[in-house]
Amino acid sequence: MNDLPYRKNIRLEHSVYSLGYVFFITIDTYGRYPWFSKYPELTAKTAQIMHQIRTERGSIIYAWCVMPTHIHLLLQDNDIIGFIRLLKGRIVPIARSLESGRRLWQRSFYDHALWQEESLEDISLYIWQNPVRSGLVDRPSKYPWLGSEVWFDWREWYERG
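In this text, residue positions in the sequence shown follow my numbering: the first is -15, and each later residue adds one.
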């Protein structure tokens, strides 16, 4: 009998990621290391890369937030796994140039496929509130590393409640 711990597969059927559903994604840094607060230039480059990939692929990013130890995305793409692979892969060389020998990403990512009755707006608000809940700012509009590729007036919309 194998005494190695069993690694549970947290993925849905692969085809689900290619059906154009909207997913709430969380990508963690390895060991929750605060890459994005330690290296603001990495955070800026991460946001830039995310937007480049969105443009290349025709993806929709309803909401996004880069926190010190993780990234949240509310994302629609015809290949969610492909989007995440590109994002992670393009950021790694930048991180290595800043701190070689330290692993950037936790393996895989967490996802939640939205059901029809789930509100894009509610989940976007949850994502944008992340820096407030973490004590980084008192209002989302004060945090520079979040936004939307759909609702360009999201700050105004958010403030109206």
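Idealized CB from N, CA, C, for every residue including glycine.
Checklist line | Given M51 as reference, the closest of W99, F8, R74 and T30 once Cα atoms are compared | finding: T30
Notebook entry, point to check: Excluding the five sequence neighbours on either side, which residues of its own chain have a C-beta within less than 7 angstroms of the C-beta of L120, listed in chain order?
Noted result: Y127
Check: From what residue to what residue does the alpha helix (DSSP H) around L59 run?
Finding: Unbroken run through L59 is the beta strand (DSSP E), H54 to Q60; no alpha helix (DSSP H).
Notebook entry, point to check: Which one of D95, T53 and L57 has the shortest CA to CA distance from G15?
Noted result: T53
Item checked: Pick from E25, Y5, R117 and M34 that is closest to E83, judged by C-alpha positions -> E25
Notebook entry, point to check: When DSSP labels each residue in this structure, what does Y5 get in the three-state scheme?
Noted result: coil
Next item on the list: With DSSP collapsed to three states, give me the class of W112.
Entry: helix
Notebook entry, point to check: For L104, which residues of its own chain have a beta-carbon under 6 angstroms away from its beta-carbon, when the five flanking residues on both sides are left out?
Noted result: Y46
Next item on the list: Closer than 7 angstroms by C-beta to W19: which residues in its own chain qualify, once you throw out the five before and the five after it? Chain order, please.
Entry: T13, L26, A79 and L88
Next item on the list: Rounded to whole angstroms, what's the CA-CA distance from T10 to H56? Just pull it up for me.
Entry: 5 angstroms
Next item on the list: Give the straight-line distance between the Cα atoms of I150 and Y5, rounded to the nearest whole angstrom.
Entry: Residue 150 is absent from the structure shown; the chain starts at -15 and stops at 145.
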